[in-house]
Amino acid sequence: MGNTIEHPSVELPPEKLVMVTGGNTGIGYETAKSIAEMGARVCIACRSEDKAKAAIERMQEEHKNEMQKRSPAENAAAQASSQPTSEEIEIKPLNVEYIKVDLASLQSTMDFIQKTKERMQYLNILVCNAGIAFVKQEYTEDKYESQFQVNYLSQLLIVLHLMPLLRAGAPDSRIVLLSSEAHKGGKLDLDNMQGRKSFSRLTAYASSKAYMVMAAHFLARRLEGTEVSTFSIDPGLVDTNIMNNFSDLKLMSFFVGAYNKFGMMRTPKQGAATSVVACVDPSLRGKTAVFMKNCRPANPATFCWDGKKQEDLWGYSLGCLNQFISDGVLKEAFPSARPDLLTIPKDTRTVEEKIADDSGKKEGSSDDKEMGNKSKGGEASLERKQDEEQPEIESSSGATEVPSEKVKASQEPYGANLEEKIPEDTLKDEDNEPKASSKQEQTEEQPKRELPSAAAELPTERVKAEEKPSGQVSEERGVTDNAENK
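In UniProt numbering, the protein residues as written are 1 to 486.
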């Protein structure tokens with residue numbers, strides 16, 4: 001009783017240039033390796049040079065071993081088609097490089113951006129995969145909550161500054177943002193974005209993943225008329241080192257341990273499959289603001305559709321980045337966008353003043369009571385060990401419990417403002433043509449977009465993803481059960 005997801009296998013030209021943040025471990029590693037094996041040039045970005053070099057060496061060794069272990073049937077087929085067998089083939093090394101970045105530092109992120117611009121004249125695909133999860137209340141040197149900055153803010157800064165390279169790489173440039181099933185437990189609370197009034201590490205992680213979904217929409221709105229597309233990805237519940245952060249959350253740790261024990265979690269390679277589809281599936285060309293799960297389009301949490309909330313997040317994010325983003329940067333990133341979409345909020349407060357306003361009368365933190373744990377508040381410095389010790393973007397655990405009704409693969413135009421819940425009768429089975437809500441926030445009508453199809457027509461390597469336990473909603477319903485109800 002398992003389900004399968006299709007891992008695309010297409011031939012990519014050697015000049016195809018792909019950047020993967022957090023590409024040294026977990027899902028990011030498998031994403032980078034898979035795309036490199038298709039022939040593209042891949043650059044991984046991570047905090048540790050030593051771990052980046054070790055990851056590249058491991059990729060090369062695994063690739064060599066896999067090429068040498070082709071089955072007799074594969075060799076026979078190769079001989080019949082006059083292709084070299086595994087004994088005869090010359091194994092070319094993968095074209096993989098790295099650039100150092102510490103996403104817990106906006107200055108380090110800017111240094112990474114500068115090095116990337118010096119090394120590359122264009123970029124075809126940017127995979128924002130890096131991340132940390134479920135860490136206790138910690139703040140970066142820039143005074144932001146660590147998961148907010150590492151998982152979202154620093155990677156948005158990368159997207160904005162590298163947008164000219166992505167436009168130079170068009171047609172069919174793609175931005176792939178790693179989210180999670182957990183995004184459904186997130187929220188946009190502009191009065192408590194940094195957790196100064198109250199804090200739950202589960203909610204902080206979930207919210208950072210929701211911001212990635214919302215970013216795919218507000219970026220697409222500004223990329224209107226270009227050939228740069230945006231995607232947000234739910235990789236599923238993946239067995240990686242990130243699970244180490246559950247050790248002090250007893251209930252969460254129990255469920256994760258049970259899933260792992262019975263083989264009900266995906267491997268990093270399986271978790272990377274949806275990211276790879278978003279990167280290379282030719283049927284997705286021209287589609288944008290697409291949320292994907294199990295290698296096909298799906299519905300994100302309803303609040304992520306809300307156009308006003310998306311724009312509120314955009315404005316707040318620019319306020320956080322006002323020392324690193326100028327009017328000129330935005331105009332260069334989005335030259336065809338309407339001027340009103342590029343206005344930088346005139347917020348002259350310092351970071352310290354914003355924090356003081358955000359913290360209010362109640363400071364410190366309060367972790368989830370049902371877990372029986374409390375996280376430490378205050379100005380804790382960020383322990384950077386999470387960056388490479390854990391997978392750079394991971395699983396769906398920790399998601400808020402959602403209804404078990406079928407959620408289908410429908411995709412609203414990126415300009416839609418779905419402040420109201422999507423009516424049940426607008427959703428059809430994944431096998432049928434989905435409907436879309438007609439409610440629009442924009443004063444000018446946004447064009448309707450044909451929904452992207454699953455990557456069924458590609459030559460594929462079957463990647464097994466075990467079915468989750470009986471208490472979990474099936475894949476056909478588009479929802480996974482949750483190890484934790486936040």
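From the three backbone atoms N, C-alpha and C, an ideal C-beta is built for every residue, glycine too. Since the model is a prediction, treat every value here as computed from it, not as a measurement.
Distance between beta carbons of residue j and residue i, contact taken as under 8 Å
i, j, result
"Y122", "L17", "6 Å"
"T230", "I175", "5 Å"
"V135", "R201", "6 Å"
"M120", "L165", "6 Å"
"P14", "N95", "7 Å"
"F291", "V238", "Not confirmed; about 18 Å, so no contact."
"A52", "Y98", "4 Å"
"residue 491", "D234", "This structure leaves residue 491 out entirely; the chain is present only between 1 and 486."
"K293", "T267", "That pair is no contact at about 17 Å."
"L103", "S154", "4 Å"
"G225", "S336", "5 Å"
"L177", "I113", "Contact doesn't hold; Cβ gap of about 17 Å is too wide."
Assigned exposure category for residue i - 16 Cβ within 10 Å defines buried
i, result
"E433", "Residue placement at E433 is flagged as unreliable, the pLDDT there being 41, under the threshold of 50; the coordinate-derived value follows with that caveat. It counts as exposed."
"G23", "buried"
"A80", "exposed"
"K33", "buried"
"R462", "In this predicted model, R462 has a pLDDT of only 42, less than 50, meaning its place in the structure is not dependable; the value taken from the coordinates is given anyway. Exposed, by the Cβ-count rule."
"L313", "buried"
"A168", "exposed"
"G307", "buried"
"E11", "exposed"
"L106", "buried"
"N65", "exposed"
"L190", "exposed"
"V402", "Caution is warranted here: a pLDDT of 35 is assigned to V402, below 50, making its placement in the model unreliable, and the coordinate value is therefore given only provisionally. Buried."
"P93", "exposed"
"S173", "buried"
"K184", "buried"
"S326", "exposed"
"T203", "buried"
"T25", "buried"
"A343", "It should be pointed out that residue 343 corresponds to Thr in this sequence rather than to Ala. The residue in question, T343, is exposed, as its Cβ has fewer than 16 Cβ neighbours within 10 Å."
"P300", "buried"
"R296", "buried"
"R47", "buried"
Strand pairing of residue i, partner residues [DSSP]
i, result
"S229", "R174"
"A130", "Per DSSP, none; premise fails for A130."
"T21", "A45"
"P164", "None; P164 has no bridge partner."
"I125", "V18, R174"
"V238", "R266"
"E145", "Y139"
"P297", "M292"
Delimiting residues of the alpha helix (DSSP H) encompassing residue i
i, result
"C279", "268–280"
"E62", "49–68"
"E332", "327–333"
"Q114", "106–119"
"W314", "307–320"
"V213", "201–222"
"Y29", "26–37"
Short Cβ contact (7 Å threshold) for residue i with residue j
i, j, result
"G186", "A216", "no"
"I27", "G286", "no"
"N129", "V20", "yes"
"Q194", "E141", "no"
"A220", "T302", "no"
"E90", "P171", "no"
"P345", "G319", "yes"
"E222", "L341", "Residue identity differs from the one stated: residue 222 is Arg in this sequence, not Glu. For R222 and L341, yes; Cβs fall inside 7 Å."
"Y29", "A133", "no"
"L330", "L157", "no"
"V276", "T31", "yes"
"K100", "E49", "yes"
"S208", "Y152", "yes"
"residue 521", "Q310", "In the structure as shown, the chain begins at 1 and stops at 486. Residue 521 is therefore absent and cannot be evaluated."
Extent of the continuous beta strand (DSSP E) run through residue i
i, result
"F291", "290–293"
"C43", "41–46"
"E97", "96–100"
The ligand FAD heavy atom lying under 6 Å from the CB of residue i
i, result
"C304", "Absence of the ligand FAD from the depicted structure is noted, as is the absence of any ligand whatsoever, leaving it without description."
Proximity test, Cβ basis, 7 Å: residue i and chain C
i, result
"N24", "The structure shown has no chain C; it contains just one protein chain."
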